[in-house]
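Peer 1:
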Amino acid sequence: MALWTWGANSHGQLGVGVANEQIEKPTRVELHLYHCKINQIACGGGHTLLLDNEGKLYSCGWNSKLQLARETEVHKFERTWALSGVTFTNIVGGWDFSCGVTDDQFLIVWGSNAYGQLGVPSTPKEYFSEIMKPIRLPINAVLVSMGLRHTAIVNSKGEVWTTGCGRHGQLGLGNSVLSSDRFQKVEGVGKISHIACGQNHTVAWCSDEKALYVWGDNKHGQLLLCSEKYRKIYTPNKIDIDVKQEVKKLLSGWTNVLLWLEDGSLLAWGRNNNGQLGTDKTVLPGTFTHVKLPEGREVQDVAVGSEHTICLATDNTLWAWGWNEHFNTAIDLGHQIVQPTLVPLEIEKDQKITQIYAGGAQNFIVVEE
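Sequential numbering from 1 applies to the sequence shown in the UniProt record's numbering.
1) Smallest Cα separation from Ile153: which of Lys281, Thr202, Cys43 and Arg70?
2) What residues are listed by DSSP as bridge partners for Ser145?
3) Around the Cβ of Thr255, are there at least 16 other Cβ atoms within 10 angstroms (buried) or fewer (exposed)?
4) Identify whether Gly359 lies in helix, strand or coil by the three-state DSSP scheme.
5) For the candidate residues Glu295, Tyr115, Lys56 and Trp95, whose alpha-carbon lies nearest to that of Thr87?
6) Measure the beta-carbon distance from Val92 to Val144 and round it to whole angstroms, keeping in mind my assumption that it falls under 8 Å.
7) Who are the near neighbours of Gly174 in its chain, counting only those whose CB is closer than 6 Å to its CB and skipping five residues on each side?
8) On the DSSP letters alone, give me the boundaries of the beta strand (DSSP E) that Asn90 sits inside.
9) Determine the DSSP secondary structure at Glu73, reduced to helix, strand or coil.
10) So, with DSSP's three-state summary, where would you put Glu78?
11) Straight-line CA distance for Glu30 to Gly188?
12) Thinking just about the alpha-carbon of each residue, which of Val120, Lys292, Arg149 and His47 is nearest to the one in His11?
13) Which residues does DSSP list as the beta-bridge partners of Asn256?
14) Can the beta-carbon of Cys43 be found less than 8 Å from the beta-carbon of Ala330?
15) Can you tell me whether Gly111 is helix, strand or coil according to DSSP?
16) Beta carbon of Trp62, beta carbon of Gly85: below 8 Å?
17) Quick one: which unbroken beta strand (DSSP E) runs of 3-plus residues sit fully inside the UniProt repeat "RCC1" (264-315)? Chain order, please.
18) Let me confirm a value: Tyr34 is counted as buried when at least 16 other C-beta atoms fall within 10 Å, else exposed. Which label applies?
19) So Ser180 and Gly164 are supposed to be a Cβ contact under 8 Å. How far apart are they, rounded?
20) For Val74, which residues from the same chain have a beta carbon less than 6 Å from its beta carbon, with the 5 sequence-adjacent residues on both sides left out?
21) If you run the structure through DSSP and keep just helix, strand and coil, what is Leu57?
22) Candidates Ala82, Thr279 and Trp81: which alpha carbon is nearest Arg271's?
23) Short of 7 Å in beta carbon distance, which residues of its chain neighbour Leu51, apart from the five on each side in sequence? Order them along the chain.
24) Rounded C-beta distance between Pro138 and Val109? I'm assuming under 8 Å.
25) Between the C-alpha atoms of Asn53 and Lys37, what's the straight-line distance to the nearest angstrom?
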């Protein structure tokens with residue numbers, strides 16, 4: 001097993017041992033996981049978390065708000081000893097804050113809490129603006145997503161709870177709740193099976209109803225509503241997009257959303273100023289487009305960063321599109337890649353890509369050797 005990475009690296013978030021502006025082409029990461037394998041990677045604004053198959057946590061990158069759960073910034077993946085007694089099953093990175101779901105489905109949070117995004121009551125505010133030590137919350141969590149300044153969880157009942165900044169409606173708690181420093185239940189949604197936070201919005205999928213629920217900022221049509229009529233939505237709005245298949249993944253960038261369906265379809269909507277939707281054609285607010293891989297290739301997996309996407313095809317090729325200022329796509333064709341384009345990888349033909357991850361402007365792929 002080998003880990004490869006590329007993209008923005010100003011804080012050493014790629015784990016290659018140095019902090020520089022960017023890594024322009026896929027580069028192998030030197031890892032020391034003590035005979036364990038990679039189970040999951042989560043990317044924040046400038047930091048990265050890595051979870052091994054025994055539930056142990058590693059981290060590297062930006063640490064200005066203690067989002068690594070350690071005292072110093074590190075540029076290689078190192079064991080997060082402050083959480084050595086915890087077994088995680090899921091990890092998530094927000095802009096400058098982090099969390100993990102434990103094996104008994106509780107939430108542990110750390111990093112910036114300046115907007116209450118960790119769900120830790122901020123009184124006195126000075127003390128709780130940054131969480132010095134990870135805190136275990138008495139909250140059941142199965143799914144978690146983090147945005148710029150807010151967090152959303154789904155519990156084992158399929159209920160949604162949110163905390164943090166709600167100025168744009170991203171908490172879904174109504175226009176009287178513009179911020180919260182503790183998780184509050186979002187009313188008016190079905191039993192949620194997928195959830196994703198954007199910069200200032202939240203989207204959720206209910207498998208039972210085959211329906212999308214949206215709330216928050218809609219300036220760029222990221223809620224699949226007309227942006228001129230609906231600028232901000234403060235409570236969940238149910239959207240019927242006539243999808244009959246199961247959803248495999250619901251993903252959100254800063255201002256764009258991607259829905260991967262069981263039949264292989266990729267539906268994209270929202271902002272497209274950097275090619276985030278995988279097309280150079282105009283996509284009107286309130287409508288979506290179908291993203292197609294070249295030559296009829298089928299999707300094996302997909303991951304979304306702040307304004308770019310990487311996609312693994314079933315033939316073991318990797319494709320990317322969107323914002324490319326920091327070589328987020330590893331493609332030397334300018335700052336905008338407006339359609340799926342092949343990512344140049346220096347791996348052998350018999351080496352299979354098994355996992356892909358994106359977040360912020362960084363990417364990681366796991367290759368079986």
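For glycine and all other residues, C-beta sits at the position ideal for the given N, C-alpha and C.
No experiment lies behind these values; they were computed from the predicted model shown.
Peer 2: Taking the structure as given:
1) Thr202
2) Ala152
3) buried
4) strand
5) Lys56
6) 5 Å
7) Tyr234 and Thr235
8) Phe88 to Gly93
9) coil
10) strand
11) 47 Å
12) His47
13) Gly270
14) no
15) strand
16) no
17) 266-270, 299-304 and 308-313
18) exposed
19) 7 Å
20) Cys60
21) strand
22) Thr279
23) Asn39, Gln40, Leu57, Phe88 and Ile91
24) With a Cβ gap of about 12 Å, Pro138 and Val109 do not count as contacting.
25) 5 Å
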